[in-house]
Structure formats: structure tokens, C-alpha cells
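Trainee: Numbering (the numbering used here), first residue to last: 41 to 223.
Cβ atoms here follow ideal geometry from the backbone N, Cα and C, with glycine treated the same way.
Structure incoming, see below.
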């Protein structure tokens, strides 16, 4: 378990389906982060199973009362050893809107970035946000991520109708930033 002053990250559990269903029924999360559009508890349970199967998917909880306030995960960008992609990950996150503005996602991202760069020895962490998700973009920039490019997925397939901005944070840069935050 990863923990900070106000929050901790834990693995997904079956009981988390109710919370996934709540987020899944809220169009805000789908529109800002492509969160799955769960319509019933069985769909949410299948979603929990998917999160449980991923090795680096976590629920964000408040330390004071164990309340679920979000999720965060690191996932593979590719599995090809030759390309070096195994030393890179992508981070995805969601914070319940009721808990915005308290610094919780900053804490969660700091935890996961320290874990990725220091323990897992990742070289790069990428993050993608919908172009209209300015809060997430500002948060990433605050933590040292640099904007790299935008993908218009509607040009790739008629199944998609969104654009996504991609940000990059390199290990050496994060280690400097993290050292400065502590001093």
C-alpha cells in the first residue's frame, strides 16, 4: 500500500463495484476522461475484475475515514523489450468531483510517480487527457509533465470523436522536482 499524509492507494476489491457504478453513471467522468459508462452493478463488477487483473491499478482512499475518492493506475505503453517501452508507463487517474480542490490528486500522483520512478525504475511516464480537461492538464504541468503532442482520434477511426493531449515526464526530471518539493 502506498500512503501519504491524507490518502492511501490500495488495490481494487469486489466491494468497489458500487463506486465504479456511481462514476460510470455520471457523464462528467465519461466526457472528461473516457471513464467506462457502467449502467448496472453487473457491468461495474466486470469493471472491478478488469482493474483487479491489472498489476498497477489502485483505489484512492482518505486516510481519516477510508472513503473512496478516486482511482489511479499505471499501465503499459507497449510490451516490446527491444524498443525500451517496458521502461515507460502511462498514468491514468480519476478524482471524484466532490473531492476536487483539496490536493488529493496531487498527493496520489506524487505517490505513483515516486513508486514508478524509484521502485519500478521507469524511465518515462506518459499521460493523456482529453483536450477539454484543462484541470488535469494544469495538474500534470504543475508536477513537471511537458506537453508533447495531440492526437485527433476521429482521423483514425469513425468509432472515436475526440482529441487527446499527451504529456511526458522523464525520471531524471521528476527526481529533481521531487527533491525540491521536499526541501
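Would residue 102 and residue 176 qualify as a contact pair, given that the criterion is a beta-carbon distance under 8 Å?
Mentor: no
Trainee: Could you name each continuous beta strand (DSSP E) segment of 3 residues or more that falls completely within the stretch 144 to 189, going from the start of the chain to the end?
Mentor: 164 to 170
Trainee: Measuring straight from C-alpha to C-alpha, what distance separates residue 82 and residue 144?
Mentor: Those two C-alpha atoms are separated by around 29 Å.
Trainee: My understanding is that residue 152 touches residue 131, with C-beta atoms under 8 Å, so please give their C-beta distance in whole angstroms.
Mentor: 6 Å
Trainee: Can you tell me whether residue 194 is helix, strand or coil according to DSSP?
Mentor: helix
Trainee: What does residue 129 pair with, by DSSP beta-bridge criteria?
Mentor: DSSP, once it has assigned bridges, lists 116 and 165 as partnering residue 129.
Trainee: Since residue 186 contacts residue 215 with CB under 8 Å, what's their CB separation in whole angstroms?
Mentor: About 15 Å separates the Cβ atoms of residue 186 and residue 215, ruling out a contact at the 8 Å cut-off.
Trainee: How would you call residue 188, buried or exposed, if buried means at least 16 neighbouring beta carbons within 10 angstroms?
Mentor: exposed
Trainee: Can you say whether residue 109 is buried or exposed, counting buried as having 16 or more other CB atoms within 10 angstroms of its CB?
Mentor: buried
Trainee: Within the same chain, show all residues whose beta-carbon is closer than 7 Å to that of residue 184, passing over the 5 residues directly before and after it, in chain order.
Mentor: 209, 213, 214 and 217
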